[in-house]
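Right, one structure below, let's go through it.
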Amino acid sequence: MTEPLLEVRDLHMHFPMKQGVLQRKTNDVKAVNGVSFTLNKGETLGIVGESGCGKSTLARTLVSLLKPTSGDILFEGESILNYNSKELHALRRNIQMVYQDPYTSLNPRMKAGDIIAAPLKAYNLTTNLKKRVLELMDLVGLKADDYNKLPHQFSGGQRQRIGIARALALNPKLLILDEPVSALDVSVQAQVINLLEDLQEELGLTYLFIAHDLSVIRHISDKVGVMYLGKMMEMSDSESLYKDARHPYTNALLSAIPLPHPGKEKKRERIVLEGELPSPANPPSGCVFHTRCPFATEFCKGNVPAFDLDEKNSSGHYVSCFYPIENK
Amino acid sequence: MLEINNLKAYIDTPDGIVKAVDGVSFSIKAGETIGIVGESGSGKSVLAHSLMQLNPKPPVFYPQGEILFEGKNLLQLKEKELRKIRGNEIAMVYQDPMSSLNPVLKIGDQLMEAILTHNPMTKSEARQRAIELLTDVGIPDPKKRLNAYPHQFSGGMRQRVLIAIALACNPKVLIADEPTTALDVTIQAQILELMKRIQEKYGTAIIIISHDLGVIAQMAEKVLVMYSGRIVEKGNVEEIFYQTAMPYTWSLLRSLPRIDSEAHERLLSIEGQPPNLMNPPSGCNFHPRCPFATEQCKLVDPELTERSADHAAACILSEAEFEEAKKRIETKDQERGQGHD
Numbered sequence: 001m002t003e004p005l006l007e008v009r010d011l012h013m014h015f016p017m018k019q020g021v022l023q024r025k026t027n028d029v030k031a032v033n034g035v036s037f038t039l040n041k042g043e044t045l046g047i048v049g050e051s052g053c054g055k056s057t058l059a060r061t062l063v064s065l066l067k068p069t070s071g072d073i074l075f076e077g078e079s080i081l082n083y084n085s086k087e088l089h090a091l092r093r094n095i096q097m098v099y100q101d102p103y104t105s106l107n108p109r110m111k112a113g114d115i116i117a118a119p120l121k122a123y124n125l126t127t128n129l130k131k132r133v134l135e136l137m138d139l140v141g142l143k144a145d146d147y148n149k150l151p152h153q154f155s156g157g158q159r160q161r162i163g164i165a166r167a168l169a170l171n172p173k174l175l176i177l178d179e180p181v182s183a184l185d186v187s188v189q190a191q192v193i194n195l196l197e198d199l200q201e202e203l204g205l206t207y208l209f210i211a212h213d214l215s216v217i218r219h220i221s222d223k224v225g226v227m228y229l230g231k232m233m234e235m236s237d238s239e240s241l242y243k244d245a246r247h248p249y250t251n252a253l254l255s256a257i258p259l260p261h262p263g264k265e266k267k268r269e270r271i272v273l274e275g276e277l278p279s280p281a282n283p284p285s286g287c288v289f290h291t292r293c294p295f296a297t298e299f300c301k302g303n304v305p306a307f308d309l310d311e312k313n314s315s316g317h318y319v320s321c322f323y324p325i326e327n328k
Numbered sequence: 001m002l003e004i005n006n007l008k009a010y011i012d013t014p015d016g017i018v019k020a021v022d023g024v025s026f027s028i029k030a031g032e033t034i035g036i037v038g039e040s041g042s043g044k045s046v047l048a049h050s051l052m053q054l055n056p057k058p059p060v061f062y063p064q065g066e067i068l069f070e071g072k073n074l075l076q077l078k079e080k081e082l083r084k085i086r087g088n089e090i091a092m093v094y095q096d097p098m099s100s101l102n103p104v105l106k107i108g109d110q111l112m113e114a115i116l117t118h119n120p121m122t123k124s125e126a127r128q129r130a131i132e133l134l135t136d137v138g139i140p141d142p143k144k145r146l147n148a149y150p151h152q153f154s155g156g157m158r159q160r161v162l163i164a165i166a167l168a169c170n171p172k173v174l175i176a177d178e179p180t181t182a183l184d185v186t187i188q189a190q191i192l193e194l195m196k197r198i199q200e201k202y203g204t205a206i207i208i209i210s211h212d213l214g215v216i217a218q219m220a221e222k223v224l225v226m227y228s229g230r231i232v233e234k235g236n237v238e239e240i241f242y243q244t245a246m247p248y249t250w251s252l253l254r255s256l257p258r259i260d261s262e263a264h265e266r267l268l269s270i271e272g273q274p275p276n277l278m279n280p281p282s283g284c285n286f287h288p289r290c291p292f293a294t295e296q297c298k299l300v301d302p303e304l305t306e307r308s309a310d311h312a313a314a315c316i317l318s319e320a321e322f323e324e325a326k327k328r329i330e331t332k333d334q335e336r337g338q339g340h341d
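Sequence order for the protein chains is C and X. Here my numbering is used: the first residue of the first sequence is 1, the next is one more, and so on. Here my numbering is used: the first residue of the second sequence is 1, the next is one more, and so on.
Rendered as structure tokens:
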């Protein structure tokens with residue numbers, strides 16, 4: 001179980017900003033700015049953060065849709081960054097992606113069955129094609145007579161099921177899920193979360209689950225990483241993160257969520273963060289969070305905190321802060 | 001102050017009539033906050049737009065009901081009279097701060113337009129008022145920001161500007177249609193805080209519409225739960241969350257992922273999809289998805305009946321029957337959960 005499937009080491013993804021007639025490079029948007037983690041087989045790692053924190057860019061580099069500026073990505077112990085196109089083709093069988101928007105990630109002119117069959121055709125796995133597609137549709141809870149329907153005939157939740165079936169077609173080892181439930185209604189969201197948990201158990205899948213919703217992440221993840229401005233702020237197993245959050249940003253995020261609990265809501269003390277996310281083209285000096293941090297000192301402005309293992313915590317709780325919060 | 005009686009808003013489409021709002025009644029007092037929850041397609045936005053008479057007519061028409069604002073029925077007012085109320089006495093904050101501002105006009109001009117439409121003021125007075133409003137909603141350096149265009153603002157800032165525009169004439173009722181759905185949680189917390197502060201300062205009545213039960217729990221005193229165009233449960237916020245009397249509300253609460261739950265705890269999902277309003281199911285609208293549904297539910301369309309003083313629910317199950325059914329489902333769920341581990 002504890003065999004690492006995916007390792008990410010000090011990953012950077014910078015996008016050049018060009019200006020003027022000569023399109024000279026003026027600056028970099030540092031979308032992902034030094035992220036490291038290890039994802040073990042059969043586990044779910046949840047990545048959470050606000051918009052613009054680089055979580056989707058991270059996902060896109062992991063599926064080799066973007067070539068990172070520096071750092072390394074290891075899949076089953078092998079670096080994938082210098083793969084040629086043939087090797088990449090083989091790799092993509094094992095890493096598949098489910099997208100956020102079930103409306104734009106499916107071709108509106110293709111039948112549901114053909115959408116699910118597309119990856120199989122791309123890998124020339126055409127024997128018993130229809131049987132396999134029907135199997136997949138059954139697996140994600142679609143009916144056999146949905147085969148010939150077009151995407152617009154499905155509801156949002158069902159479309160997301162098509163997207164999941166398509167991702168599963170090649171029996172991947174790792175699924176990257178980029179906000180898979182954020183476009184869905186609460187009741188349908190629960191259906192899809194349950195489906196993903198069942199599939200993981202049945203097929204022994206490993207998930208990298210990206211979301212902005214901390215409650216959804218809490219539900220599905222074994223491990224959670226919190227990102228802010230391209231950097232990982234805190235990472236640990238989910239139990240430890242939600243019960244004993246050490247980073248001020250994680251604490252602020254947790255306290256910002258309105259609980260469906262009017263009694264608790266009235267008594268709750270909230271840390272309301274001032275201001276907004278700074279631009280990733282011009283991140284603050286020192287600790288990137290210092291501009292909004294309620295506990296920041298002069299020292300935080302000048303020095304970058306390391307992403308350290310918290311020694312008091314045996315379970316591997318990493319936090320990037322000079323003054324981590326001591327909870328009771 | 002605002003009283004809605006048996007309001008119906010139907011949409012006339014080529015395929016038939018959609019009963020988007022089907023007999024809704026409630027009232028709101030000054031300084032009060034009412035939350036309306038429901039999934040997409042439950043009619044909550046059509047209801048909000050009806051209150052301001054902003055639904056395009058046709059295709060929307062109002063076969064029945066009345067919207068009484070300070071004794072006047074808004075459904076019978078002429079457009080000219082409506083304009084005096086709209087934006088002046090009743091104002092609205094929209095969901096999408098990206099598309100609700102005019103991208104080619106300066107923030108200051110958009111704010112001053114709202115002020116000048118309803119107040120006999122000179123331009124410089126209006127400008128002064130605009131600066132006051134921006135300060136009120138927490139925009140730093142308001143004098144300079146008056147000359148900025150919407151694209152120069154972030155999402156949270158734009159939502160603040162929209163709230164400033166809505167507050168321009170000190171409205172008595174503020175309708176907020178999913179005001180924080182497009183925002184990040186930390187910004188959402190800021191905006192909700194702002195709305196509460198404004199309410200305390202001006203005594204505005206707020207109608208907040210959201211699909212997020214957490215936002216409703218935080219903001220509202222009274223809650224209306226909508227399902228397929230109808231109110232299926234209404235009551236004080238505590239009653240709705242702790243003494244739930246309608247299977248839909250109960251299922252919705254159970255299907256919510258919570259941060260205080262255990263990891264991998266199984267969520268109760270509501271099977272199927274919300275009904276097609278063109279062709280609603282017979283009997284109770286919720287019966288095809290209801291875990292408690294009986295044969296009777298297919299035949300009887302339940303009325304919103306009172307459970308206690310302010311608490312009403314539309315379900316034929318009695319309190320005792322509902323409790324029993326809840327227990328049955330909870331034990332079944334646990335067994336399934338154990339089989340899972």
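Backbone N, C-alpha and C fix where the C-beta goes; we use that ideal spot for every residue, glycine too.
Inset, instruction - Between the Cα of residue 304 of chain X and those of X/5, X/234, X/53 and X/159, spot the shortest distance and give me the residue it belongs to. - result: X/234
Inset, instruction - Helix, strand or coil for residue 69 of chain X, going by three-state DSSP, please let me know. - result: strand
Inset, instruction - Measure the C-alpha to C-alpha separation of residue 81 of chain C and residue 89 of chain C and round it to an integer number of angstroms. - result: 13 Å
Inset, instruction - Determine the burial state of residue 20 of chain C: buried for a count of at least 16 other Cβ atoms within 10 Å of its Cβ, exposed for fewer. - result: exposed
Legend entry - From C/268, C/178 and C/252, residue whose alpha carbon lies closest to that of residue 216 of chain C: C/178
Legend entry - Proximity test, Cβ basis, 9 Å: residue 197 of chain C and chain X: yes
Inset, instruction - Quick one: residues in its chain with C-beta nearer than 6 Å to the C-beta of residue 126 of chain X, no 5 flanking neighbours on either side, listed in chain order? - result: 112, 115 and 116
Legend entry - Residue-level contact to chain C via CB, residue 229 of chain X, 9 Å cutoff: no
Inset, instruction - Determine, using beta carbons only, whether residue 186 of chain C comes closer than 9 Å to chain X. - result: yes
Inset, instruction - Give the DSSP-derived three-state secondary structure of residue 270 of chain C in the structure shown. - result: coil
Inset, instruction - Pick helix, strand or coil for residue 176 of chain C, following the three-state DSSP scheme. - result: strand
Inset, instruction - Give the range of the alpha helix (DSSP H) segment to which residue 108 of chain X is assigned. - result: 107-118
Legend entry - Identity of the residue in C/227, C/270 and C/4 nearest residue 319 of chain C by Cα: C/227
Inset, instruction - List the DSSP bridge partners of residue 199 of chain X. - result: Bridge partners of residue 199 of chain X: none, in fact.
Legend entry - Sub-9 Å separation of residue 162 of chain C and residue 102 of chain C beta-carbons: yes
Inset, instruction - Quick one: give me the first and last residue of the alpha helix (DSSP H) that residue 167 of chain X is part of. - result: 155-167
Legend entry - Collapsed DSSP secondary structure at residue 16 of chain C in the structure displayed: strand
Legend entry - Length at least 4, wholly inside the region 200-240 of chain X: the alpha helix (DSSP H) runs in chain order: 213-219
Legend entry - Test: residue 304 of chain C CB closer than 9 Å to a CB of chain X: no
Inset, instruction - Under 8 Å between beta-carbons, which chain C residues line up against residue 164 of chain X? List them in chain order, please. - result: In chain order: nothing, as chain C lies at least about 17 Å away.
Legend entry - Interface residues of chain X facing residue 155 of chain C [CB-CB closer than 8 Å]: 273
Legend entry - Residues of the region 241-275 of chain C whose Cβ lies closer than 7 Å to any Cβ of chain X, in chain order: 242, 252, 253, 254, 256, 257, 258, 259, 260, 261, 262, 263, 265, 270, 272 and 273
Inset, instruction - Kindly list, in the order they appear in chain X, the residues whose Cβ is closer than 7 Å to that of residue 191 of chain C. - result: 269
Inset, instruction - Give the interface partners of residue 255 of chain X over in chain C, defined as CB-CB distance under 7 Å, in chain order. - result: 186, 187 and 190
Legend entry - Closer than 9 Å to chain X by CB, residue 336 of chain C: This structure gives no information on residue 336 of chain C, because the portion of chain C shown stretches from 1 to 328.
Inset, instruction - Name, going along the chain, the residues of the region 216-234 of chain C whose beta-carbon falls closer than 9 Å to a beta-carbon of chain X. - result: 216, 217, 218, 219, 220, 221 and 222
Inset, instruction - Work out the CA separation of residue 66 of chain C and residue 205 of chain C for me, nearest whole Å. - result: 23 Å
Inset, instruction - Quick one: residues in its chain with C-beta nearer than 6 Å to the C-beta of residue 103 of chain X, no 5 flanking neighbours on either side, listed in chain order? - result: 150
Legend entry - residue 193 of chain C versus residue 332 of chain X: straight-line alpha-carbon distance, rounded: 19 Å
Legend entry - Expected contact under 8 Å - CB spacing of residue 343 of chain X and residue 15 of chain X to nearest Å: Nothing about residue 343 of chain X can be read from this structure; chain X reaches only from 1 to 341.
Inset, instruction - Determine, using beta carbons only, whether residue 242 of chain X comes closer than 9 Å to chain C. - result: yes
Legend entry - CA-to-CA distance, residue 111 of chain C to residue 260 of chain C, given in whole angstroms: 39 Å
Legend entry - Contact check, residue 195 of chain X vs residue 231 of chain X, beta carbons under 9 Å: no
Inset, instruction - For chain C, find out if any of its Cβ atoms is closer than 9 Å to the Cβ of residue 82 of chain X; answer yes or no. - result: no
Legend entry - Close-in-space but distant-in-sequence residues of the same chain around residue 50 of chain C (CB under 7 Å, 5 per side omitted): 212 and 277
Inset, instruction - Return helix, strand or coil for residue 226 of chain C, following the three-state DSSP convention. - result: strand
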